[in-house]
Amino acid sequence: MAVLLALVRLAVALELLPPWAYGVGAILLLGVTLEAMFRGFQAALLPGIGLLLVGIGWGYGNTPAVLLALLGVGALYWAWAPRMSEREQASFWGWVLVWPSLGLLLVWQIFPSLYALWLSFLDRFNFIGQSRFAGLLNYEILLTRDPLFWKAMGNTFWFVIFTVPLGILLATVVAILLNERVRLLGFFRTLYFLPYITALTAAAAVWDWIYHPEFGFLNWVLGTPGLDWLSTPQGIFALAMAPLGIHLQGFWAGPSVAFVAIMVMSLWHLLGYQVVVILAGLQNIPKEYYEAAQLDGASWWQQQRYITWPLLSPTTFFLSTLGLIGAFQVFTQVLIMTPTGGVLQDTLTITLYLYNKGFRDSDFSYASAIAVVVFTVILVLTLVQQRVLERRVNYET
């Protein structure tokens, strides 16, 4: 509690928590201390409690105060150690050793997340001027009066639908081929993994050149000079159905040609990581299963369908969960390849929209509301995915 209270005060100083949070923490610390005293009072505990409370009350930014607090914790441990069981001592030292990492997690992730939630209830907070409490106004505007939010959310859903299952399918095919007895297996594994370890910013810049309408490599290969892949806002479903006289609009027109081009780049970038993970899962499947299937006359396709795919389900479930979360957070390649979000906002994703609201428009309250909504959507979809898919996962071989 003492270390946690010090972190709370640091978060208050960094304006990650409201000022009253430190007072609440101090009351909780005092309550825990009094409860410990009444539960097992010892005179030897008094010096440690006194040093601890004086150090915490003095402040974390004062070096003597920090030393007093540490001396208080040491005195409390020295006085209480004779009564502690071996399990209690192990628990104590476990918390002592884990607190540095847990403190970093609290200061840089948990507290900022709570702070973002608080900002979402304010009106146009920008760290400069005054802002007033607005309640659920940002959420009301976001969900009912902001067409760009729904446009960005629709684009993001298309990205999830296209890249997650297609990426896992391509990676599974490549991993199965690499799992066969082929020469230079290590070379091919490295070759497929290289795109993943390449900086995403640099990779997006290279693909931006590949898609260039005049000098791009893709137009040179296809013989389509002048075709601007990243500035074509027509949906692929609308283009496919137009010759049949069917005209699709809005979300049902599908992702634009520009957005599909970004999806292709994203699939290329993540393919190596997915291949390595699936290849590790394939190598954990006992070879005896395939030998028994061959003796029973099973074809190669039947072996993959009835052995490989069921026993690979934990790996695919892992990749689908991470892929869903990562796809909702796609940002870098979209910003590099289409900085404005496309011609008709056809490549605007929800994270790019959040970035624009926060750092372009300096409306961190609205951006925080977007972040909270995206977090909720990701959480709900992840839970649904876990409830639906995990029942089909076979963890035993």
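Note that the UniProt record's numbering numbers the sequence shown so that position 7 is 7, with each residue one more than the last. Glycine included, each C-beta is placed from N, C-alpha and C at the ideal position.
The alpha helix (DSSP H) enclosing Y273, as first and last residue numbers: 257-283
Which class does F133 belong to by DSSP, given the choice of helix, strand or coil? strand
Sheet register partners of L5 (DSSP bridge): Looking at the DSSP assignment, L5 forms no beta bridge with any residue, so it has no partner.
Note down the Cα distance separating V160 from V107, rounded to an integer number of angstroms. 31 Å
Between the CA atoms of L324 and F215 - distance to the nearest angstrom: 34 Å
On the three-state DSSP scale, how would you describe L248? coil
I believe L119 touches F331 by the beta-carbon criterion, under 8 Å. Please report the beta-carbon distance rounded to the nearest angstrom. Their Cβ separation, rounded to whole angstroms, is 20 Å, which puts L119 and F331 out of contact at 8 Å.
For A367, is the classification buried or exposed, using 16 other Cβ atoms within 10 angstroms of its Cβ as the cut-off for buried? buried
List the endpoints of the continuous alpha helix (DSSP H) containing A242. Per DSSP, A242 belongs to no alpha helix (DSSP H) and is neither H nor E.
Under the rule that 16 or more other beta-carbon atoms within 10 Å means buried, what is Y306, buried or exposed? exposed
For A205, which residues of its own chain have a beta-carbon under 7 Å away from its beta-carbon, when the five flanking residues on both sides are left out? I336
Test item: CB-CB of T316 and I176 under 8 Å: no
For L322, list the residues DSSP reports as bridge partners. Partner(s): none; L322 has no beta bridge.
First and last residue of the alpha helix (DSSP H) that includes G103? 86-105
Leaving out five residues before and five after V164 in sequence, what residues of the same chain have Cβ atoms less than 8 Å from its Cβ? S320, G323, L324, A327
The alpha helix (DSSP H) that contains A298, what's its start and end? Per DSSP, A298 belongs to no alpha helix (DSSP H) and is neither H nor E.
What did DSSP end up calling L14 once you bin it into helix, strand or coil? coil
Can you tell me which of the three DSSP states L122 falls into? strand
Using only CA atoms, which one of A21, Y192, G25 lies nearest to W268? Y192
Any contact of the segment 289-300 with the segment 246-262, i.e. 3+ C-beta pairs under 8 Å? no
What residue from T340, L344, Y273 has the CA that sits closest to Y355's CA? T340
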